[in-house]
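Residue numbers (the working numbering), protein chains in the order written: chain Y, 657 to 1041; chain B, 352 to 596; chain F, 102 to 480.
Here the structure is laid out as structure tokens; the discussion comes afterwards.
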Amino acid sequence: MQLYKAFFKIAKRNFLSIFIYFAIFFMICFVFASNGTSSDASRFDAEKAVLAIVDRDQSSSSKALAAYLGTMQNRKEIPSNPDFWQDELYYRHVDYILIIPKGYEEKLKKKDFTNLTENVKIPASLSGTYIDQQIEHYLRVTKTYLVAGYDTNEALKAAANTSKFSTEVTLSNQDNNRVDSAHLLSFYQYYTYIIVCITLAGLGSILFRFEDKNISARLHASAMTLRQRNLALFAGSCTLSILYWLALVVASALFYRNQFFSKIGLLCIANSFLYMLVCASLTFLLSNFAKSLTVFPVLSNVIGLGMSFLCGVFVPIEFMGKQILTVAHLFPAYWYMDAHKQFTNFVSTGTGGSTIAIAFLIEALFALAFLSIGFVVTKLKRSNA
Amino acid sequence: MAPDRYDLKKQIGVVFQNVAVFEELTVYDNINYFCGLYIKDKKERAKLVDEAIDFVGLKDFTKFVPKKLSGGLLRRLNIACGIAHKPKLIILDEPTVAVDPQSRNSILEGITKLNKQGATIIYTSHYMEEVEQICTRIAIMDKGKNVALGSTEELKRMVTAGETITIETLGLTNQLLREIRQIKHVFSATYNGTELVVKCSDGKHNVIRILNYLQEHNIGFGRIFSELPTLNDVFLEITGTDLRD
Amino acid sequence: MFLHLVKYQLKTFLKLSDEIFWCILFPYLLATLFSIAFGNIMDSMESFEPLPAAIVKEASADKYSTQFLDELSKSGDHQMIIPTYCSKEEAASLLEQEKVLGILTVTDHISLTIKENDYKQSILKSLLDQYGSISESIHEIIDKKPEALQDCIASLSSEICANKEITLSKHNNLDMMTSYFYALLAMTCLFNSFLGYKVTISNQANISSLGARRTMAPVSRFTQVISDFTACLIVSVTNMCVFICYLLFCLKVDLSDRLPFVFLTVFVGCVLGISFGIFVTSIGKGGKDLKISLLISIQMIFCFLGGLMFSNMKDIVEQHCPILNRINPAALIADAIYSLSIYDSYDRFFMNLSILSGMAIVFVLLSIFMTRRERYAAL
């Protein structure tokens, strides 16, 4: 109990440093979460790319093409100055820029279809190919009607009418009950990064004080057994970590009230709790190896960022190579994300329950493993001292 | 003294209570670095550094980093860094704290030597016996104020207790004890059944007077000890025995 | 004196402390991680690959529909789908396991069954829509202009090079993942503030006894600060050069072909990072722990807003609060290198560099000002 109380006295003294980390990382998490996007899984909606059209011809023909493409894709206006176009493309504000040069209608009337339009796009991209297909289809149909003897207006009208045709589409697992929890899920996705950083930086610096040579020697010489010492410190670590976790959970409940009180919310809480325990144990283990206090903030970013990139927190893991996936299995963040991705499916269709259960179990095992290794290391350190 | 009085700073050497050296540099590099802040000429500096290393006895440790040195060696390094440039005024702040007796002896001898070479030494310490050993003038400070200043003898004269005489004796009665207290220069006498402890104020031949008295009254005595007051006694008498912050 | 101070400060850096070690090692680790993680992410996320689809031919399968699907499946540059011909049940199973994107059921028309709403499924539908609409067009021409049918079919089958792809500049690196590397370079520049922190701690008499000893020396504060700064700069610039070489030659990251300007940006970034570290460590009366917490926290904010964790962050900030991007050193460094990769003109690059240089000068002056006249009533 003495050691547990001392732990919190030290925490109190260092409240300012701990609070700075917490506030900053919480803000980062919140900004991330705000970018979560939602989708409606109850019916098919064709995905649309973002298209910008620079019409330099301003003829009825060019406007007809623009109108046709406007029904197939999302149109966006961009500055006429090409200097801005690179940024628009790079940041994916637009996927495709179609330039209709002056003289488009003239060439069309002459049935000269060579280099009728120009485009700037992400090279060899999905969206680029998608839109290319549509433009090519339109122009090909127009050409066909012109070859058939129709006049230009009739040909353009016929080409535009092709957009009315729609293939019959069936969704194999239509889900009318899917709840939109995009922001909440986004918050708990980035929670993975935040909790590691806060725990290592804040909790680690407190635990390190008990690793000081003189303090350690004093504890060693006292009537307190190693087991009691370790349990007291771990209890302190858990309590502090639970406080961090509670603060984040309460914040998510306040900001995403509508989404929080749901089955998905419950699953997120459970997953985040387990992961918090993993972080607390990991910090307990690492505090045995740190040589100076100031290494903890640096280490928190190394491990936090490294694990987050590797395990699909910042970038979807399905887009990474197979070797990465293999290595990622070794990190607890991977299992957290593995469970996290299944929550929506589990709540709406009941699938993925076993994946979630296994992931939860593995997270718990990670926590236990780190803790056990931590205990062993402290014992070895003491016997070598 | 303003911080930019570099002409004065060049003449001053400071040895801090906490070891103030670069953990990453070797013994030689540390001394060379700090000497280099005072002495620009490389040849002269090299000579001074070697002398400083010899002076503190770190010749066998020049390539060691501070982490590998014992407490005593570290203190010696600390001193070397402060005095390598042969300053005229050296300020040493408790340089022998947590140091083994051999190292302490070596440090004290070194400081005395520096003084003989012409440096003025300001030495702070809580070890009175050290101060008594090496200092010519002593200032006693209490709560930020200078409460006494003088040589060892002058300070000892400031206190009541001049001499303490301890005599092994048996069969001394209370009456005799009262009479001993009346002897000239005696201001306190206690007897525990085997030892008579007599405290005398400043005076000569106190031992002879007391022994004569015992002889006159046929009181036998064995071993006799006579102690002059220590600086520790002086310090405690002047500042009191209450604990300080 | 100056060279003497620089020499020994460099020697202290040779024995890397924990913080310096991690700050130097971390960018290499992260860069390697980025490279492995993002290696083929553009291919997976954005590049077009033929779409796997299950094809179920019913008894009433229309021959033209079948021909159309065969055309789409022909291997070569124009292949659009990778077909798996199977039964209805097998197709359903493949779809459930997500081995195919959709089921194309061929009767007298083609219908599509999909599992989820996504881009690739939309492309599949679009292809089928085009086929369906062309069929209708052919029927219309047969009705109204049968004499032109042959020509029309020839026209529909021929290639038309109507839509020409162009590039906007010689430097046209649109790979979004490189923004992570730009942000990482910015972070590495800012991490040099730890060097600034380390030397300032060893200079402050109220924080370390080493600082007290150095304060007592007959060397002006200005000389000490400048010499420490120079030593930090030598170490940081050397490290950055090695890091850039690692990115270019080991990880094959495209940092633009205008490398001298990249090095210039990084140099200014190093100056800014170090002076920022000195400045933050010099302000206030807090201990070492508080100062390093502050330093790391501020840097993480800069790096986050500069796009280290989320590549679009800089762009989001530009849309909502562009002034932040003009004062955030991480965003400025990343944007300077980005502009070298994207634009031919140097306007944007020099604008960023000017702001960076201005900030670096301000922090250097502030650092000198704050450390020069320090006095201690008691230690």
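Even glycine gets a Cβ: it sits at the ideal position worked out from N, Cα and C.
{"Asked": "Any beta-carbon of chain F closer than 7 Å to the one on N557 of chain B?", "Found": "no"}
{"Asked": "DSSP on D711 of chain Y, reduced to helix/strand/coil?", "Found": "strand"}
{"Asked": "Using CA atoms only, rank isn't needed, just tell me which of Y:S908, Y:S897, Y:I973 is closest to Y931 of chain Y.", "Found": "Y:S897"}
{"Asked": "For my contact list, L457 of chain F and V363 of chain F are in at a C-beta cut-off of 8 Å; report their separation, rounded to the angstrom.", "Found": "Their Cβ separation, rounded to whole angstroms, is 13 Å, which puts L457 of chain F and V363 of chain F out of contact at 8 Å."}
{"Asked": "Quick one: grab the DSSP three-state call for L941 of chain Y.", "Found": "helix"}
{"Asked": "In the DSSP assignment, find the unbroken beta strand (DSSP E) run with S294 of chain F in it and report its ends.", "Found": "Here S294 of chain F belongs to no beta strand (DSSP E); instead the alpha helix (DSSP H) covers 294-302."}
{"Asked": "At a cut-off of 6 Å, is F405 of chain F close to the ligand NAP when judged by its beta-carbon and the heavy atoms of the ligand?", "Found": "You won't find the ligand NAP in this model; it holds no ligand whatsoever."}
{"Asked": "Tell me the start and end of each unbroken alpha helix (DSSP H) in the region 320-380 of chain F that is at least 4 residues and wholly inside, in chain order.", "Found": "322-346"}
{"Asked": "For the region 802-853 of chain Y, which segments carrying the beta strand (DSSP E) assignment without a break, of at least 3 residues, lie completely within its bounds, in sequence order?", "Found": "825-827"}
{"Asked": "At a CB-CB cut-off below 7 Å, which residues of chain Y make contact with F451 of chain F?", "Found": "Under the 7 Å cutoff, chain Y gives no residues; its nearest Cβ is about 15 Å from F451 of chain F."}
{"Asked": "Provide the residue(s) that pair with S539 of chain B in DSSP beta bridges, ordered along the chain.", "Found": "B:K550"}
{"Asked": "If you reduce the DSSP assignment to three classes, tell me which class D444 of chain B lands in.", "Found": "strand"}
{"Asked": "Judging by CA-CA distance, which residue of F:D219, F:F470, F:G378 is the nearest neighbour of V201 of chain F?", "Found": "F:D219"}
{"Asked": "Among the residues of its own chain, which have a CB less than 8 Å from the CB of E445 of chain B, if the five just before and after it don't count?", "Found": "Q368, T475, S476, H477"}
{"Asked": "What would DSSP say about N313 of chain B, mapped onto helix, strand or coil?", "Found": "With chain B covering only 352 through 596, there is no way to say anything about residue 313 of chain B."}
{"Asked": "With burial defined as no fewer than 16 other Cβ atoms inside 10 Å of the residue's Cβ, what is the status of D868 of chain Y: buried or exposed?", "Found": "exposed"}
{"Asked": "What whole-angstrom Cβ distance do A708 of chain Y and E744 of chain Y have, given they're in contact under 8 Å?", "Found": "7 Å"}
{"Asked": "So, for F576 of chain B: in the same chain, excluding its five sequence neighbours on each side, which residues have a beta-carbon less than 6 Å away from its beta-carbon?", "Found": "T517"}
{"Asked": "Does R731 of chain Y come out as helix, strand or coil in the three-state DSSP assignment?", "Found": "strand"}
{"Asked": "Please list the partners that G233 of chain F has in chain Y, where partner means a Cβ-to-Cβ separation under 7 Å.", "Found": "F821, T823"}
{"Asked": "With a threshold of 16 other CB atoms inside 10 Å of the CB of D230 of chain F, please say whether the residue is buried or exposed.", "Found": "buried"}
{"Asked": "Give the residues of chain F in contact with I363 of chain B, contact being defined as C-beta atoms less than 8 Å apart.", "Found": "M317"}
{"Asked": "What ranges does the beta strand (DSSP E) occupy inside the region 456-498 of chain B, keeping only unbroken runs of at least 3 residues that lie completely in it?", "Found": "471-475, 489-493"}
{"Asked": "Quick one, which of B:A371, B:E519, B:V372, B:V585 has its alpha-carbon nearest A499 of chain B's?", "Found": "B:V585"}
{"Asked": "Answer yes or no: does any C-beta atom of chain F fall closer than 7 Å to that of H793 of chain Y?", "Found": "yes"}
{"Asked": "Checking the sheet assignment: what are the DSSP bridge partners for Y186 of chain F?", "Found": "F:I156"}
{"Asked": "When you compare each of F:W123, F:N453, F:P128, F:I156 to L365 of chain F by their alpha carbons, which one comes out closest?", "Found": "F:N453"}
{"Asked": "Output, in chain order, the set of chain F residues within a Cβ distance shorter than 7 Å of P738 of chain Y.", "Found": "L269"}
{"Asked": "Could you check if S698 of chain Y is buried or exposed, using at least 16 other CB atoms within 10 Å of its CB as the buried criterion?", "Found": "For S698 of chain Y, the predicted structure reports a pLDDT of 48, less than 50, and the residue's modelled location is therefore unreliable. The matter cannot be settled from this model."}
{"Asked": "Any idea what DSSP makes of Y447 of chain F, helix, strand or coil?", "Found": "coil"}
{"Asked": "List the residues of chain F that G966 of chain Y touches, going by C-beta distances under 9 Å, in chain order.", "Found": "The residue asked about is misnamed: residue 966 of chain Y is Leu in this sequence, not Gly. Simply L134, I137, A138."}
{"Asked": "Within a Cβ cutoff of 6 Å, which residues of the same chain sit near L106 of chain F, ignoring the five residues on either side of it in sequence?", "Found": "S328"}
{"Asked": "For a cutoff of 7 Å on Cβ pairs, would you count K360 of chain B as touching chain F?", "Found": "yes"}
{"Asked": "If we call anything under 7 Å between Cβ atoms a contact, is P319 of chain F one with K361 of chain B?", "Found": "yes"}
{"Asked": "Report yes if the CB atom of T520 of chain B is closer than 7 Å to the CB atom of L547 of chain B, and no otherwise.", "Found": "yes"}
{"Asked": "At 9 Å on the CB atoms, spell out the chain F contacts of E375 of chain B, in chain order.", "Found": "K112, T113, F114, L115, K116, L117, S118"}
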